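Engineer: Residue numbers (our numbering): 1 to 287.
To start, I am sharing the structure in question, which I have written as structure tokens.
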């Protein structure tokens with residue numbers, strides 16, 4: 001293991017610990033024990049630790065194990081029906097999931113997906129589920145939109161984080177397995193050939209939804225600062241909440257990184273890597 005990998009692992013291992021410390025301080029230092037939420041029937045400190053820490057952490061471990069094994073084969077079957085001319089294969093690669101830059105990229109995409117899914121649920125759920133009547137009235141007066149109050153957004157982010165993490169884990173598994181698909185014409189066929197990593201087909205749908213939905217939601221939330229005079233701190237807290245949830249999914253990422261992806265490649269043929277010399281004729285310019 002390289003020195004950079006060791007540093008990355010140490011940093012990633014420390015982040016959930018720091019998150020737990022902050023969660024405990026907030027739960028037992030700033031929460032009201034008399035505040036019991038209808039959804040769980042628990043005092044506020046226990047509810048906060050449940051939705052902000054336990055559910056994202058345990059849930060991400062479960063989805064890291066199950067979703068790649070369920071969704072990835074299902075996606076490959078569906079792709080085969082809609083793209084029957086494409087053949088699946090794999091390239092033998094050695095992925096490095098603990099490269100810090102790679103994790104940051106994956107974490108950002110997961111956070112955007114969490115925000116995109118919150119944008120749907122925040123308009124359909126009843127805020128009373130996550131707060132008592134007194135809190136509802138207070139947030140109605142303070143921020144104008146109880147749907148975006150911290151008890152609501154913390155709970156939604158906690159519930160959604162394992163799902164968003166699991167959906168992206170499907171893409172990571174196909175990427176780290178080196179899955180490719182190709183469509184090669186016959187030798188006398190003038191059609192162009194196609195070859196690309198399979199995960200890009202899958203991730204393009206997630207990226208498209210997460211990017212568009214999160215931009216719309218962020219724009220709408222920020223517009224409330226001027227249109228409805230919504231509290232600035234509530235807006236920032238809402239938009240940054242997925243970042244905290246991502247930290248709690250790091251144990252799930254460790255579990256994912258330890259799992260093998262051979263279940264995706266065991267029945268496929270290995271293909272050779274293509275270098276520039278395989279594509280460019282000798283003497284031809286590459287500009």
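Don't be surprised by glycine CBs; every beta carbon is placed ideally from N, CA and C.
Small disclaimer: the values here were computed from a predicted structure and weren't measured.
(1) Give me the Cα-Cα distance between residue 217 and residue 9, rounded to the nearest whole angstrom.
(2) When the distance is taken between beta carbons, is residue 249 closer than 7 Å to residue 221?
(3) Between 40, 102, 112 and 20, which has its C-alpha nearest residue 206's C-alpha?
(4) Identify every run of the alpha helix (DSSP H) within the stretch 97 to 122, keeping only runs that are complete inside it and at least 4 residues long; order them along the chain.
(5) Which residues bound the beta strand (DSSP E) around residue 256?
(6) Can you give me the C-alpha to C-alpha distance between residue 69 and residue 100, rounded to a whole angstrom?
(7) From which residue to which residue does the alpha helix (DSSP H) around residue 79 run?
(8) Let me check understanding here. Comparing Cα to Cα, which of 63, 28 and 124 lies closest to residue 47?
(9) Closer than 7 Å by C-beta to residue 157: which residues in its own chain qualify, once you throw out the five before and the five after it? Chain order, please.
(10) Taking the DSSP output, what are the residues bridged to residue 181?
(11) When the Cα atoms are used, what is the spatial distance from residue 185 to residue 279?
(12) On the DSSP letters alone, give me the boundaries of the alpha helix (DSSP H) that residue 150 sits inside.
(13) Below 7 Å between beta carbons: does that hold for residue 170 and residue 71?
(14) Got a sec, what are the start and stop residues for the alpha helix (DSSP H) residue 44 sits in?
Structural biologist: Taking the geometry as given:
(1) As a working mapping, residue 217 is identified with position 217 in the chain shown. As a working mapping, residue 9 is identified with position 9 in the chain shown. Roughly 33 Å between the two C-alpha positions.
(2) In the chain shown, the residue the question calls residue 221 occupies position 221. In the chain shown, the residue the question calls residue 249 occupies position 249. No, they are not a contact pair.
(3) Taking the chain shown and counting its residues from 1, one reaches residue 206 at position 206. It is 112 whose Cα lies nearest to the Cα of residue 206.
(4) 100 to 121
(5) As a position in the chain shown, residue 256 is number 256, starting the count at 1. Run containing residue 256: none in the beta strand (DSSP E); it sits in the alpha helix (DSSP H), 250 to 258.
(6) If you number the chain shown from 1, residue 69 lands on position 69. If you number the chain shown from 1, residue 100 lands on position 100. About 25 Å.
(7) In the chain shown, counting from the first residue as 1, residue 79 sits at position 79. Here the alpha helix (DSSP H) through residue 79 covers 55 to 82.
(8) The residue you call residue 47 lines up with position 47 of the chain shown. Of 63, 28 and 124, the residue nearest in Cα terms is 28.
(9) Within the chain shown, numbered from 1, the residue matching residue 157 stands at position 157. So the qualifying residues of the chain are 114, 118, 241, 242 and 245.
(10) Residue 181 sits at position 181 when you count from the first residue of the chain shown. Partner(s): 88 and 196.
(11) Numbered from its first residue, the chain shown carries residue 185 at position 185. Numbered from its first residue, the chain shown carries residue 279 at position 279. Whole-angstrom Cα-Cα distance: 16 Å.
(12) Stepping through the chain shown from its first residue, residue 150 is reached at position 150. Element bounds for residue 150: 150 to 176.
(13) Translated into positions along the chain shown, residue 170 becomes position 170. Translated into positions along the chain shown, residue 71 becomes position 71. Yes, the Cβ-Cβ distance between residue 170 and residue 71 is below 7 Å.
(14) For the purposes of this step, residue 44 is taken as the residue at position 44 of the chain shown. Element bounds for residue 44: 44 to 49.
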